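Numbering (the working numbering), first residue to last: 96 to 320. Just below is one structure, and these are the notes that go with it.
Below, the structure written as structure tokens:
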């Protein structure tokens, strides 16, 4: 499966949003059932605050200020409390949550993020392998460049994205073993190991160059007859 909608490859928000949208679709295809508890609480807080402000406006317009002034202060206070709770819930409870669900192989919660001007998809995954009642939850952090599953002209390709998730997250890999690729896991480790400062990068380059002068370094050259 590949996406048919072209996006701007230089837009980090488009890259992230398209990837975020693809993640639930993939997990649903693996028979994971999404848990909407956090979403329901967020919606309840938001809609309740809007309902209070709407009701206050309506009764003030219909009955006048004198009839409603006794209720105005409590209603305004309730509105700001709910709005504060709504903001807290988004930033400190959900914290960028993209998906929460449960399948035959366990429970999973996925949070995604990006850093400014860095086209790398950062994912925090909390999962509990089945049986979930006897296994403790575990948390891992995985990351990969968007270029792994976006073409140069801005099309999303699902297969490499699915292979990356299946290879890095055990409960996804157990549900989709055909997409587990051993090399992807090793590649992720190498990406993190080369996330070094400029000084360390220079040292690494010097070591690689020095290796070319060691015995056997030229063994790949063609020998004279």
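Heads up, the beta-carbon is just placed ideally off N, CA and C, and yes, glycines get one too. Just so we're clear, the structure is a prediction, and the values are computed from it rather than from any experiment.
(1) For a test of your reading of the model: does the CB of residue 189 fall under 8 Å from any non-hydrogen atom of the ligand HEM? Yes or no.
(2) Applying the 10 Å Cβ sphere with the 16-neighbour rule, what's the burial state of residue 262?
(3) What's the C-alpha gap between residue 125 and residue 186?
(4) Name, in chain order, the residues that DSSP records as bridge partners for residue 210.
(5) Would you say residue 204 reaches chain B, if we count a Cβ-Cβ gap shorter than 9 Å as a contact?
(6) Give me whichever residues DSSP pairs with residue 243 in a beta bridge.
(7) Between which two residues does the beta strand (DSSP E) harbouring residue 198 extend?
(8) What are the start and end residues of the alpha helix (DSSP H) that includes residue 166?
(9) Going along the chain, which residues of its own chain have a beta-carbon closer than 6 Å to the beta-carbon of residue 151, five neighbours each way excluded?
(10) Please classify residue 277 as buried or exposed, where buried requires at least 16 other C-beta atoms within 10 Å of its C-beta.
(11) Kindly identify the DSSP beta-bridge partner or partners of residue 203.
(12) Check for me: the alpha helix (DSSP H) holding residue 126 runs from which residue to which?
(13) Between which two residues does the alpha helix (DSSP H) carrying residue 266 extend?
(14) Pull up the distance between the alpha-carbon of residue 221 and that of residue 213, whole angstroms please.
Let me spell this out:
(1) For the structure depicted, the ligand HEM is absent and the ligand set is empty, with no information on it obtainable.
(2) As a working note, residue 262 is residue 167 in the chain shown. Burial is judged here by how many other beta carbons sit within 10 angstroms of a residue's own beta carbon; residue 262 has at least 16 and is buried.
(3) Looking up residue 125 in the chain shown gives position 30. Looking up residue 186 in the chain shown gives position 91. Straight-line Cα distance between these residues: approximately 29 Å.
(4) The count along the chain shown starts at 1 and reaches residue 210 at position 115. Looking at the DSSP assignment, residue 210 forms a beta bridge with 213.
(5) Absent here is chain B; the protein component of the structure consists of one chain.
(6) By 1-based counting over the chain shown, the position of residue 243 is 148. Beta-bridge partners assigned by DSSP to residue 243: none are found.
(7) Position 103 of the chain shown, counted from the start, is the residue given in the question as residue 198. From DSSP, the beta strand (DSSP E) with residue 198 extends over 192-198.
(8) On the chain shown, residue 166 is found 71 positions in, with the first residue counted as 1. Following the DSSP letters along the chain, one finds residue 166 inside the alpha helix (DSSP H) bounded by residues 160-183.
(9) Looking up residue 151 in the chain shown gives position 56. Only 170 meet the Cβ criterion.
(10) As a working mapping, residue 277 is identified with position 182 in the chain shown. Exposed, since its Cβ has fewer than 16 Cβ neighbours within 10 Å.
(11) Residue numbering aside, residue 203 sits at position 108 when the chain shown is read from its first letter. The partner list for residue 203 (beta bridge, DSSP) reads 196, 222.
(12) The residue you call residue 126 lines up with position 31 of the chain shown. Note, residue 126: premise wrong, no alpha helix (DSSP H); not H, not E.
(13) Counted from its first residue, the chain shown places residue 266 at position 171. According to the DSSP assignment, residue 266 belongs to the alpha helix (DSSP H) that extends over 265-270.
(14) For the purposes of this step, residue 221 is taken as residue 126 along the chain shown, with counting starting at 1. For the purposes of this step, residue 213 is taken as residue 118 along the chain shown, with counting starting at 1. Rounded to whole angstroms, residue 221 to residue 213 spans 24 Å at the Cα level.
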